[in-house]
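Below: the structure, in structure tokens.
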Amino acid sequence: MNRVRILVLNAALGPLDYRLAEGMSVVPGQVVIAPLGPRTVTGIVWDEGRLPGNEVPESKLRPLREIVPVPPLAGPLRRLIEWTADYYCAPLASVARMVLSSGGALGGPTTITEYRLSGGTPERMTPQRATAIEALEGEQGTIRDLSGIAGVSEGVLRGLVNQGVIEPISVAIDRPYPRADADYNQPDLSPDQALVAGRLVDAVKAREFAPFLIDGVTGSGKTETYFEPVAEAIRMGRQVLVLLPEIALTENFLTRFEQRFGAAPVQWHSSLKSTERRRAWRAIAAGPAKSDAQVIVGARSALFLPYADLGLIVVDEAHEISFKQDDGVRYNARDVSVMRARFEDIPVVLASATPALESLHMANSGVYTKLELSSRFGGAQLPEVRLVDLTIEKPASGRWLAAPLIAQLEARLEAGEQSLLFLNRRGYAPLTLCRNCGHRFKCPNCSAWLVEHRLSARLACHHCGLETAPPEACPECGETDCLVACGPGVERIADEVAALFPEARVAVATSDTLGTPARAAEFLAQVQAGAIDVIVGTQLVTKGFHFPELTLVGVVDADLGLEGGDLRAAERTYSQIAQVAGRAGRGAKPGEVLIQTRHPEADVIAALANGDRDAFYAAETEARRDAGAPPFGRWAAIILSSEDEREAREAAARLGDTRPRAEDIYILGPAPAPLALLRGRYRYRFLVNARRSANLQGTLRGWLDAHDFAPGVRVGVDIDPYSFV
Ligand code: ADP
Ligand code: ZN
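For what it's worth, this note's numbering labels the leading residue of the sequence shown as 210, then goes sequentially.
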């Protein structure tokens with residue numbers, strides 16, 4: 210047969226048929242270049258009979274241009290692409306694109322030119338040149354990479370190249386990675402840990418699909434424990450994927466990994482340089498024997514890499530909502546990782562101290578094997594939790610820390626111990642208004658207030674990234690010196706601590722201050738060296754960090770996450786606060802947690818105070834059952850958006866008119882989304898609630914496919930949504 214069906218990487222086109230050129234032969238999964246009009250397009254040879262195609266007669270088919278010299282995508286990965294597209298109602302091409310995410314991986318030269326400092330000095334020094342030279346010490350990369358690192362334009366760097374201050378060097382792209390040694394530094398596991406590790410090692414040896422949930426309290430040593438099955442996979446010469454929620458975490462993780470295995474793992478995340486991305490992609494596809502890509506640590510997108518021989522997947526901090534992608538293909542990496550393990554026929558391990566209700570439900574109903582670690586490693590005690598009722602213990606006006614928390618902070622400072630204050634709000638103040646006329650600073654592109662960031666002297670929108678300098682005068686009434694900051698962000702809490710304890714060394718820890726791996730590493734080193742007394746941080750510090758000298762955690766506002774109509778608000782609040790509380794007292798000294806709240810009676814707050822996780826889960830499970838919410842029913846969201854408010858509203862109304870009437874599917878809406886304006890687009894939303902038995906995806910596809918939307922209207926489908934804005 211000369212005819213082949215190609216999944217072309219163009220979501221608008223769908224699969225297309227081509228014919229093989231003279232002497233060409235292909236197998237499914239092969240990456241090819243095909244002609245398309247006057248251009249070419251990348252595509253993947255698909256299995257016969259699995260994709261609908263066109264009926265163009267064979268004589269009219271155009272021949273494939275060429276085969277890209279990378280290993281064909283394996284069958285399990287092709288099934289995963291199909292499943293993901295089907296489940297999340299996304300175009301196949303969009304999912305396939307995530308697999309071939311590294312365009313440069315598919316060919317091109319085997320060496321590239323990178324640049325680094327030569328040690329020379331420029332004839333004429335400018336401030337920008339000086340900045341660049343200082344920032345590039347020890348760095349190497351393409352001009353674009355270096356421009357990103359140094360924060361100067363590529364033009365400035367090219368100038369330095371011309372003067373010989375920056376020199377080109379030729380680098381082999383596909384150089385191998387250092388080898389991890391499974392037995393490099395084997396820890397002594399506690400009996401509990403050994404039991405769990407043993408089960409997982411057996412599962413890796415068995416080479417079969419097996420989902421596990423490690424349900425282990427904070428500080429129980431989940432990482433040490435799952436390193437054992439990782440070691441086993443390495444011994445077997447297979448690959449391992451460890452998914453982590455955020456880059457900030459990886460620095461800490463990398464150190465521990467190197468201590469255990471003697472070499473760094475392969476990393477995969479959004480801030481990789483393009484050459485590193487290409488190198489990793491090719492090494493992962495070539496397999497552990499050829500290129501030493503044994504263990505890959507990555508953010509959610511690492512799930513779609515073309516592993517040559519995957520033997521185990523670990524999803525650490527599996528409850529984290531950042532595993533859910535919120536644009537493009539809106540997949541949940543936690544759930545897709547279980548599917549990938551199923552297609553690959555390998556074990557998958559979800560690890561968490563506060564598992565998602567869905568995961569716990571799967572474990573309790575026997576679908577996942579639950580492995581428990583119920584005590585902290587090395588005899589460390591779980592911290593004591595106390596509530597501070599803000600309706601009784603009122604902070605001073607314009608202040609947010611109540612007397613009991615201040616007293617504990619003081620005690621820690623005197624004892625030379627560290628404290629962490631948690632508030633999930635970046636910046637200085639969430640709202641700025643004019644004292645004179647009441648004008649509030651709003652984002653012109655979004656239904657959101659501008660957040661003042663005092664460290665960077667900016668008003669910023671946390672939704673679209675807009676930033677402006679705070680004006681001298683109110684744009685509404687023209688009055689000067691009249692702007693007031695309302696409410697606290699972490700920067701303001703840090704100021705409050707500094708005012709209370711001028712001698713304390715305070716650090717703000719957010720994505721603004723720890724945004725790059727290098728800065729995160731520096732922060733960790735400083736805390737570990739005892740150079741910081743009080744950390745004021747957002748959810749970034751709730752996970753993964755292990756600071757033995759940290760003995761006090763203060764939750765500034767436990768009620769913050771409970772406001773608004775988010776269906777998962779209680780669960781999120783519970784896990785966030787339990788995780789941040791878990792940072793206290795992980796070493797020899799016992800820890801204490803103070804939770805400031807205006808609602809000490811709320812179920813979730815009471816459960817936190819009593820350390821009664823089971824009670825919280827039980828109550829939340831019942832609430833979900835009553836509401837037909839996951840895991841008992843299913844949710845989906847449909848968002849229609851347009852730059853034109855009327856166009857969006859009318860499209861939503863028309864779609865609403867044809868809503869399917871199904872017994873087991875309820876469709877609410879359309880209604881303006883809570884974020885009615887986002888990045889300049891007006892948004893209308895449907896919320897769909899379905900019974901488990903319903904054919905949710907099929908119904909939604911049928912409904913949406915029957916509609917022609919105006920070109921200005923974008924339709925987003927979100928299956929199992931985590932965002933309700
Ligand atoms: P978790 O992820 O469960 O919160 P960690 O994996 O961060 O816990 O472990 C907590 C601390 O205990 C870490 O510093 C870790 O290195 C240490 N630890 C855990 N298990 C062991 C072990 N078997 N041997 C030595 N140190 C361990
Ligand atoms: Zn905005």
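Even for Gly, the Cβ is constructed at its ideal location relative to N, Cα and C.
This one's a predicted model, so the numbers in the text were calculated from it and none came from an experiment.
Query, Result
"Quick one, which of W912, L668, A473 has its alpha-carbon nearest V506's?", "A473"
"If we cut at 8 Å on Cβ distances, does G520 have a partner in chain C?", "As a matter of chain content, chain C is missing from the structure shown, which is built from one protein chain."
"Roughly how many angstroms separate the alpha carbons of V545 and V897, rounded to a whole number?", "21 Å"
"Beta carbon of A950: closer than 7 Å to some heavy atom of ligand 2?", "Outside the modelled stretch of the chain, which goes from 210 to 934, sits residue 950, for which no answer is possible."
"If you measure between the beta carbons of I786 and A767, is that distance less than 8 Å?", "yes"
"Would the beta-carbon of D929 fall within 8 Å of that of R833?", "no"
"Any chance the region 860-873 sits against the region 914-928, with 3 or more Cβ pairs inside 8 Å?", "yes"
"Can you list, in chain order, the residues of its chain with a C-beta nearer than 7 Å to that of G262? Leave out the 5 residues immediately preceding and following it.", "R214, P224, D226"
"Which term fits N633, buried or exposed, when burial requires 16 or more other beta carbons within 10 angstroms of its beta carbon?", "buried"
"For Q402, which residues of its own chain have a beta-carbon under 7 Å away from its beta-carbon, when the five flanking residues on both sides are left out?", "G430, E433, T434, L582"
"Taking just the CA atoms, how far does L877 sit from A903?", "16 Å"
"Could you give the distance in angstroms between the alpha-carbon of L769 and the alpha-carbon of E801?", "21 Å"
"So, helix, strand or coil for G284, using DSSP?", "helix"
"Taking the continuous beta strand (DSSP E) assigned at F421, which residues delimit it?", "419-425"
"Per DSSP, D256 forms a beta bridge with which residues?", "According to DSSP, which records beta bridges pairwise, D256 is partnered with nothing at all."
"Please return the same chain residues whose Cβ sits closer than 6 Å to the Cβ of A442, not counting the five positions on each side in sequence.", "V413, V449, G520, L521"
"Closer than 6 Å from C-beta to any heavy atom of ligand 2: which residues, in chain order?", "C652, N654, C655, A657, C670, H672, C673, L675"
"Please classify Q468: is it buried, with 16 or more other beta-carbons within 10 angstroms of its beta-carbon, or exposed?", "exposed"
"For P719, tell me which candidate among H662, G428, L749 has the shortest Cα-Cα distance.", "Per the sequence shown, the amino acid found at residue 719 is Thr instead of Pro. Nearest of H662, G428, L749 to T719, Cα basis: L749."
"Taking DSSP as the reference, what is the three-state secondary structure of D704?", "helix"
"When every heavy atom of ligand 1 is checked, does at least one fall within less than 7 Å of the C-beta of D397?", "yes"
"Determine, using beta-carbon pairs with one atom in the region 327-335 and one in the region 546-553, whether at least three such pairs fall under 8 Å.", "no"
"Using a threshold of 7 Å, is the CB atom of R795 nearer than that to any non-hydrogen atom of ligand 1?", "yes"
"Figure out for me which residue from L452, T464, E460, Q503 has the closest Cα to the Cα of V475.", "Q503"
"Have a look at R868, G911, T641 and flag the residue whose alpha-carbon is nearest the alpha-carbon of F895.", "R868"
"Bridge partners for S479 per DSSP, in chain order?", "Its beta-bridge partners do not exist; DSSP assigns none."
"Buried or exposed for M334, going by 16 or more other Cβ atoms inside 10 Å?", "exposed"
"How about the region 300-312 and the region 560-568: do they share at least three Cβ pairs that are nearer than 8 Å?", "no"
"Return the bridge partner residues of V547 from the DSSP annotation.", "None; V547 has no bridge partner."
"When the Cα atoms are used, what is the spatial distance from G607 to C652?", "25 Å"
"Could you give the first and the last residue of the continuous alpha helix (DSSP H) run that contains N898?", "From DSSP, N898 is part of no alpha helix (DSSP H) but of the beta strand (DSSP E) over 890-900."
"So, are the CB atoms of L229 and N211 less than 8 Å apart?", "yes"
"Three-state secondary structure (DSSP) at E810?", "coil"
"Counting C-beta neighbours from all protein chains within 10 Å, is the total for R644 16 or more, i.e. buried, or is it exposed?", "exposed"
"Evaluate D525 with the Cβ neighbour count: other Cβ atoms within 10 Å of its Cβ, from every protein chain shown; 16 or more gives buried, anything less gives exposed.", "buried"
"Rounded to whole angstroms, what is the Cα-Cα separation between I804 and A790?", "9 Å"
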